[in-house]
Amino acid sequence: MKQHGMSERHALRVVGMSASALRYVPKPDSNVELRQQIVDMAQRYRRYGAPMIYLKLRQAGHQVNHKRVERLYAQEKLQVRRRRRKKIPAGDRQPLIRPGAANEVWSMDFVFDRVASGRALKCLAIVDDATHEAVAVIPEHAIGGDHLVRLLDEVCALRGRPSIIRTDNG
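Okay, so the sequence shown: first residue is 0 according to numbering that gives the first Met the number 0, each after it adds one.
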């Protein structure tokens, strides 16, 4: 503009730019305080995303729009990282052994139900794989590890010990 001695309007017309774009002065950021509060909350509550931080701000008495909180949250790159599933290597599958006689292989599993009062009922089901006979079905409200050992000892005292006990988790 200065080199060619042009007026401002003529130079803008040649370049194809508007006068308002040339004279534009950006406003100072009015979200500095809110942005800092969002960053502080995101550091204090590590697993909270933008919606939970928005709720925390509302509980603290701030009148703020959820879209503004989401925009500022994203601008600060505070997105919560997705947790990757822990990959457990699959165990080697082995064919099921067909038992030749009774009391050789038992299968054991838990079955859950609820009684009318809403309390959980846990049933331990033990089946002989050779005869497909239910060796025992023991209903209890709670079966802990020690209690399970006692129950198996009682069943083994009546029926004899099996060579193998299979469960659904190996």
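For glycine and all other residues, C-beta sits at the position ideal for the given N, C-alpha and C.
Query                                                                                                             : Result
Spatial neighbours of Phe109 in its chain, beta-carbon cut-off 8 Å, leaving aside the 5 residues before and after : Lys121, Cys122, Leu123, Ala124, Ile142
Selection from Glu75, Ala49, Gln78 that minimises the alpha carbon distance to Lys66                              : Ala49
Segments assigned alpha helix (DSSP H), at least 4 residues, entirely inside the stretch 9–97                     : 18–22, 31–43, 49–58, 65–74
As assigned by DSSP and simplified to three states, the class of Ala100                                           : coil
Length of the line joining the Cα atoms of Ala73 and Ala41                                                        : 12 Å
Sequence-distant residues of its chain with Cβ nearer than 8 Å to Arg8 (five each side left out)                  : Ala18
For Arg113: DSSP bridge partner residues                                                                          : Ala119
CB contact flag (Val154, Ala135, <7 Å)                                                                            : yes
Val14 versus Val24 - alpha carbon distance                                                                        : 20 Å
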